[in-house]
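J.:
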Amino acid sequence: MIKLQLKYCGLPVLLCSSVLMSACDRKPDTVSQSDKIQLEDKVMQELITEPVKTFPQTPDDQHDIALLTDFDQRFSQMSDEMEDELVKMEDQGTLTDEFAYNRKRDNIYSALTMLKELDLKTEQGRYIQGLMAEYWQNQAKFYDENKEKTAEPIKNSADQTKGLGEFLHAQEQLEHWQSQYPDMNQAQAKKAEAAKSETTESGY
31 MIKLQLKYCG LPVLLCSSVL MSACDRKPDT VSQSDKIQLE DKVMQELITE PVKTFPQTPD
91 DQHDIALLTD FDQRFSQMSD EMEDELVKME DQGTLTDEFA YNRKRDNIYS ALTMLKELDL
151 KTEQGRYIQG LMAEYWQNQA KFYDENKEKT AEPIKNSADQ TKGLGEFLHA QEQLEHWQSQ
211 YPDMNQAQAK KAEAAKSETT ESGY
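Residues 31 to 234, numbered by this note's numbering, are exactly what the sequence shown covers, in order.
1. I think G155 touches D94, with their Cβ atoms under 8 angstroms apart; what is that distance to the nearest whole Å?
2. In the DSSP assignment, what are the bridge partners of I95?
3. For D55, which residues of its own chain have a beta-carbon under 8 angstroms away from its beta-carbon, when the five flanking residues on both sides are left out?
4. At which residue ranges does the segment 122-210 contain complete alpha helix (DSSP H) runs of 4 or more residues, listed in the order of the chain?
5. Assess, as a yes-or-no matter, whether the segment 169-178 is touched by the segment 106-116 under the definition of 3 or more beta carbon pairs within less than 8 angstroms.
6. On the criterion of 16 or more Cβ atoms from any shown chain inside 10 Å, does A84 qualify as buried, or is it exposed?
7. I'd like to check one pair, I158 with Q203: are the Cβ atoms closer than 8 angstroms?
8. Can you give the Cα-Cα distance for E113 and L145, rounded to whole angstroms?
9. Between L148, K134, L142, F197, which lies nearest to T79 when the distance is taken from Cα to Cα?
10. With C-beta atoms as the reference, is K192 less than 8 angstroms away from N176?
11. Measure the alpha-carbon distance for L125 versus E164 and round it to whole angstroms.
12. Could you name the residues of the same chain whose beta carbon sits closer than 7 angstroms to that of V82, not counting the 5 residues immediately before and after it, in chain order?
13. In chain order, what residues of the same chain have a beta carbon less than 8 angstroms from the beta carbon of I138, not counting five sequence neighbours either side?
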């Protein structure tokens, strides 16, 4: 099954492209149309995800769902803030490839640290945690291997999208798990709405 929702695709694809790939815009001769098509094909192949797995329900389900949901929300907010910063700097003409590279690399390692700190108690929770960690480990390896190439456009890299399907599968697995506890979902939605209201009010 192919999932194209922005909710699932946005963050990983954003980290694999966006400002870091802006070097391609400045050096159009270095990346051919064929190269771009091949990279797009690889991304689409990675978007093919496995079916959601079935796990037995346990008394610790809601504990793990809460931790994974909190991680997802905190990391998404942190990534949004990072991307806003990079876009603003790019608009102002102050962004460099090296700075963008370092900020995105730091963001990747933050994801790994945050995931490692989760005290998950269920098989399903650790399964989701493992899928997400594997994706971010692949991204960390890719960025580290290309740390001396920040001035060059990164093209045709299978490593760049490696594990994306597993990451999306983890998101689908978590969403399926959340759907088994609708009351918890409603409480989380109210909490998120309250936090959003507080943020809006503090902005005035």
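Using N, Cα and C, we set each Cβ at its ideal position, and we do this for glycine too.
T.: The relevant details are as follows:
1. Taking the sequence shown and counting its residues from 1, one reaches residue 155 at position 125. Taking the sequence shown and counting its residues from 1, one reaches residue 94 at position 64. About 3 angstroms; that satisfies the 8 angstroms criterion.
2. Numbered from its first residue, the sequence shown carries residue 95 at position 65. DSSP output for I95 lists no bridge partner at all.
3. Residue mapping note: residue 55 aligns to position 25 of the sequence shown, counting from 1. Legend: pLDDT at D55 = 44, less than 50; position of this residue unreliable, value from coordinates given subsequently. So the list is empty, once near-sequence residues are dropped.
4. 127-146, 153-175, 188-191, 194-209
5. no
6. Your numbering for residue 84 matches position 54 in the sequence shown. The residue asked about is misnamed: residue 84 is Thr in this sequence, not Ala. By the 10 Å Cβ count, T84 comes out exposed.
7. Position 173 of the sequence shown holds residue 203. Position 128 of the sequence shown holds residue 158. Yes, they are a contact pair.
8. As a first step, residue 113 must be located in the sequence shown, where it is residue number 83. As a first step, residue 145 must be located in the sequence shown, where it is residue number 115. So the two alpha carbons sit approximately 21 angstroms from each other.
9. Here residue 79 corresponds to residue number 49 of the sequence shown, with the count starting at 1. The shortest C-alpha separation from T79 is found at F197.
10. Numbered from 1 along the sequence shown, position 162 holds the residue referred to as residue 192. Numbered from 1 along the sequence shown, position 146 holds the residue referred to as residue 176. Result no, Cβ atoms of K192 and N176 do not sit closer than 8 angstroms.
11. Working through the sequence shown from its first residue, we reach residue 125 at position 95. Working through the sequence shown from its first residue, we reach residue 164 at position 134. Those two C-alpha atoms are separated by around 30 angstroms.
12. Here residue 82 corresponds to residue number 52 of the sequence shown, with the count starting at 1. Cβ within range, chain order: E202, Q203, H206.
13. By 1-based counting over the sequence shown, the position of residue 138 is 108. The residues are L45, W166, Q169, A170, Y173.
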